[in-house]
Each structure stands twice: as C-alpha cells, then as structure tokens.
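Here the sequence shown is numbered in the working numbering, starting from -13 and rising by one per residue.
Backbone N, C-alpha and C fix where the C-beta goes; we use that ideal spot for every residue, glycine too.
It should be emphasised that the depicted structure is a prediction, and the values quoted were computed from it without experimental measurement.
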Amino acid sequence: MDEATIKQYYRDYVIGCYSKEDFVFVRGRGPWLWDINGKKYLDFFPGWAVSGLGHCPDDVVKAIIRQVKTLMHVANNYYIDVQAVCAKKLIEISFDGKVFFCNSGAEANEAAIKLCRLYGSKTGRYKIISMKNSFHGRTLATVTMTGQEKYSAPFVPLPDGFAYAEFNSIDSLKSCVDEKTVAVIIEPVQGEGGINVADREYLVALRKFCDENDLLLVFDEVQTGMGRTGHWFAFQHYGVTPDIMTLAKTLGGGFPIGAMVAKRSIADLMVPGTHASTFGGNPLACSAALAVMNTIEKQNLLENVNTLSQWFIPELRKLQKKFSVIKEIRGIGFMLGMELNVSGKSFVERCRKNGLLLNCTHDTVVRIMPPLGIKKSLLKKGLKIISTSLKEEFAS
-13 MDEATIKQYY RDYVIGCYSK EDFVFVRGRG PWLWDINGKK YLDFFPGWAV SGLGHCPDDV
47 VKAIIRQVKT LMHVANNYYI DVQAVCAKKL IEISFDGKVF FCNSGAEANE AAIKLCRLYG
107 SKTGRYKIIS MKNSFHGRTL ATVTMTGQEK YSAPFVPLPD GFAYAEFNSI DSLKSCVDEK
167 TVAVIIEPVQ GEGGINVADR EYLVALRKFC DENDLLLVFD EVQTGMGRTG HWFAFQHYGV
227 TPDIMTLAKT LGGGFPIGAM VAKRSIADLM VPGTHASTFG GNPLACSAAL AVMNTIEKQN
287 LLENVNTLSQ WFIPELRKLQ KKFSVIKEIR GIGFMLGMEL NVSGKSFVER CRKNGLLLNC
347 THDTVVRIMP PLGIKKSLLK KGLKIISTSL KEEFAS
C-alpha cells in the first residue's frame, strides 16, 4: 500500500485522537526505524519508551514466536505457567509482594486506585493525592488523577477523590491531606510533566509521612521502570520502597502488558470479584515480559545505561554551555530532558529531518530516551545530530 492511500484510510476510518507526524514507519530493528520511503532514523524516543530494548529485540521476538505456536490465550481463572514465572521474576527484582497483570499503564494505575480504596474502605478513606504536572493515564479515573488540567478539562464532571500537591514539596503534600486521604501517588521522574526528578530528601520525607499517617505510597514507574534510569526501578535510586508500584511500557519490549506490584498484606485485599482484566497476563504478554527481564540481565543493560549516561549527560551539558537556547539538562540514566527557553517543536522537527527521533513535551522540554542497549558510537551519532540541529535552528 502506498503512503497516500494509508493516510487517506486514516482520514476516512480511524478516529483522530492522535496528532500525527508525517511519517509512515514500516520496519524497525534495534535503535533504527525505516519509513515507507526507505529513509532510516535513529530512534531516541522509542514508542514513549515502550521499545526500551530497541525495536524487535531478538530474544523477545523468539519468545513470542515460541509462545504463539503453543498457547496464545487462556482465561485467568485457570493457572498460566508463564504468568506465574513472570510474576516471580518481577518480585525478585523489585520488592516482596504480589503482582496483578493488565495491558497498559493506565490499567495498572486503575488497579492501584481500586486497591488503595479497598485499603481505606474500613475507615471511609478514599482520596488519593497526586502531583501537579503528573501523568497517570487516559481513563476517566487516571486522567483525573493526572495533575494537568489540560488533559481532564474536556471530561467534566470528573470522579471525586483526588487532590494535587506541588512536586518536591512535603509542605504542599501535607496541606492536601485530610481525614479522607488514603494514599499518595508519585512518579519518581515525571515524564509528560517535563522530566522533573524527585529529590531524595523529599521521597524520604514522603515515605516517613505516609508511614506515620497510615497512607499508602504508590510509585508510578510506568515510564521509569525496567531499567530506564539505570536501576530496574527508579525507587532503587532513593532507598525508598513504595507500597504499590505500577509498570508498563518497556515491560513488554513492544508487546502490550502492564502490571501492579503490591506488598503482600495490601495485595491480599484483592479477592475474586474485586478486579480483573480479560487479556491481562496472557501467555504472549508474559512470555515477552519474561524475555525482556532476561535480556536486561543477560546483556548487562543496567550497567550499559549507567556507564553511557555518565558520558552522555556531561556531553549534553557541554552543548548547554555552547547554546544559550538550552536552559537545563536534567534526568537520570536514559530518561533525560533538555529544556529550551523557546518552544521545542521546530527543533524536534529539525532533528527528524536530520534522521533523529526525539519528543517534545510541555512545549519546551525535549525528551531524549535512547534504548537501553544503545552503543556509544550511536550515542555519539545522536549527539552530533542534536548539535547540528541546534546550529541550524538557532544560529544567529
């Protein structure tokens, strides 16, 4: 099918809830994407971090092929061998608890909302405090929990039970708490909010405050999880363990899967009839997720992120000194933001023309999130394209 026909089919048959870039990608391999015209792009924002191992990683592809030939789906009221193994592996690399499987980050956060409300039901508590500039999903509850009014405004009236504190402010958080509060949810690094990194002191204080006031602490690690920051999970940078953690994106290596991990005493509040997901934790998804975890270990990808980010971040800061348009470089590992003092849209478009895919959020923040196994030579190539594009876009 030709490019013009594909775009016409979209106009005629696909609901237009996504802003479309003028690309039709037809093939991906590792850190590369090819469009329908054969042009090759280095992808430093692989599917909102879904393709965290790069496109079509070998062991994930092999695992899916093996599984699709064996068993694609079975109902969750039966035991599923690979789901059991996948859950065990997730607990081994995170914290002692149990796992609920679903299909996306929004669904994982929906599960967390319900679990928090189950926890508070005996005392009549149900309110959850999230952070301003957060992002937790597009369902009605998760878009309400998202601390950005631009996402929720079209859907009023919104569900009750959510309040919003300033990120990195324990005093703001405390001012939001009342007798109905049951939990606090936070992204250790805000993604859609502009790559805002939580302070260590803040998260330590938040954990202490939640413990003292019988509040559950939920970490949304949908984007930060599975090695993106150089640890399996961002909470491991801080020495602060949440009561509940939500995951998706890189977890499936390109295949849809989400998960909620909860400490055992809390997890057991979910009994048959309280929650479910028809496709959640199906054999295909769990085979993909298990292959992702095994690949991260086998290829030492956490070490790769830590080693190369220690080189890459200072190189980006050299560009900051060279180009006054760069306001700040921030982030952890391979979850990085380059904030400009102007809109970043045209710069991102310039990078695309030069063969590098990035993302702009919050109008001025350019997100740079290479695949975990990227080679230094390709980081250098990406850096060169960024530098060239800065010169072309902002040279006086």
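query, result
"When you compare the CB positions of Ile371 and Asn340, do they come within less than 8 Å of one another, or not?", "yes"
"How far does the beta strand (DSSP E) with Asn345 in it extend, from its first residue to its last?", "Asn345 to Thr347"
"Under the rule that 16 or more other beta-carbon atoms within 10 Å means buried, what is Gly259, buried or exposed?", "exposed"
"In three-state terms, what does DSSP make of Leu288?", "helix"
"Spatial neighbours of Val129 within its chain, please: C-beta separation below 7 Å, excluding the five flanking residues on both sides.", "Gly123, Tyr137, Ser138 and Phe141"
"For Gly238 and Leu57, I'd like the C-alpha separation in whole angstroms.", "17 Å"
"Tell me which same chain residues have a C-beta within less than 8 Å of the C-beta of Val175, skipping the five on either side of it?", "Ile181, Asn182, Val183, Ala184, Gln209, Thr210, Thr215, Ala220, Gly317, Ile318 and Met321"
"Counting only beta-carbon separations shorter than 8 Å, does Ala61 have a partner in chain C?", "The structure shown contains no chain C; it is built from a single protein chain."
"Under 8 Å between the Cβ atoms of Lys160 and Tyr112?", "no"
"On the premise that Val10 lies in contact with Trp20, defined as a C-beta separation below 8 Å, what is that separation, rounded to the nearest angstrom?", "Trp20 to Val10, Cβ: 10 Å. No contact."
"Which runs of the beta strand (DSSP E) spanning at least 3 residues fall entirely within the segment 74 to 104, listed in chain order?", "83 to 88"
"Measuring alpha carbon to alpha carbon, tell me which residue in Asn63, Asp254, Lys249 and Glu289 is nearest Thr264.", "Asn63"
"Given a threshold of 16 other Cβ atoms within 10 Å of its Cβ, counted over all protein chains shown, does Met117 qualify as buried or as exposed?", "buried"
"Using the Cα positions of Gly388 and Leu201, report the straight-line distance between them to the nearest angstrom.", "A query on residue 388 cannot be resolved here, the shown segment of the chain reaching from -13 to 382 and no further."
"Is it the case that the segment 222 to 240 contacts the segment 20 to 31, given that we only count it when at least three CB pairs across the two stretches are under 8 Å?", "no"
"Quickly, what does DSSP pair Met231 with across the bridge? List them, please.", "Phe205 and Val247"
"Counting pairs of beta carbons, one from the segment 91 to 104 and one from the segment 292 to 305, are three or more of them closer than 8 Å?", "no"
"So the candidates are Ile252, Ile243 and Ser295; which of them puts its Cα closest to the Cα of Cys272?", "Ile243"
"On the DSSP bridge assignment, give the partners of Ala220 in chain order.", "In DSSP, Ala220 forms no bridge with anything."
"Which value, in whole angstroms, describes the spacing of the CA atoms of Asn327 and Gly368?", "21 Å"
"Compute the beta-carbon to beta-carbon distance between Ile364 and Pro17, rounded to the nearest angstrom, for a pair I have assumed lies under 8 Å.", "It is Leu, not Ile, that sits at residue 364 in the sequence shown. Their Cβ separation, rounded to whole angstroms, is 6 Å, which keeps Leu364 and Pro17 in contact under 8 Å."
"Are the beta-carbon atoms of Val351 and Leu344 separated by less than 8 Å?", "no"
"Check each candidate in Asn268, Val163 and Glu325 and name the one with the smallest Cα separation from Cys196.", "Val163"
"From Lys(-7), Met355, Met(-13) and Arg336, pick the residue whose C-alpha is nearest to that of Met324; which is it?", "Met355"
"Going by DSSP, what residue range makes up the alpha helix (DSSP H) through Phe380?", "Lys362 to Phe380"
"Considering Cα atoms alone, identify which of Arg103, Ala35 and Gly38 is closest to Leu392.", "With the chain covering -13 to 382 only, the question about residue 392 has no answer from this structure."
"Looking at C-alpha atoms only, which residue of Asn154, Gly38 and Met212 is the closest neighbour of Arg193?", "Asn154"
"Buried or exposed for Lys5, please, with buried defined as at least 16 other CB atoms from any protein chain shown within 10 angstroms of its CB.", "The question names Lys, but residue 5 in the sequence shown is Ser. Answer is exposed; the Cβ neighbour count stays below 16."
"Please return the same chain residues whose Cβ sits closer than 7 Å to the Cβ of Lys313, not counting the five positions on each side in sequence.", "Glu325, Leu326 and Asn327"
"Compare the C-alpha of Pro143 against each of Ala127, Asn268 and Ala151 and name the closest.", "Ala127"
"Can Ile50 and Phe241 be called in contact, C-beta distance under 8 Å?", "yes"
"Just list the residues that DSSP pairs Met324 with in beta bridges.", "Ile315 and Val352"
"Exposed or buried, what is Asn290 when buried is set at 16 or more other beta-carbons lying within 10 Å of its beta-carbon?", "buried"
"Starting from Ile22, trace the beta strand (DSSP E) in both directions and tell me its first and last residue.", "Where Ile22 is concerned, there is no enclosing beta strand (DSSP E), given that its DSSP letter is neither H nor E."
"Using beta-carbon positions only, say whether Ile114 and Gly147 come within less than 8 Å of one another.", "yes"
"What did DSSP end up calling Lys136 once you bin it into helix, strand or coil?", "helix"
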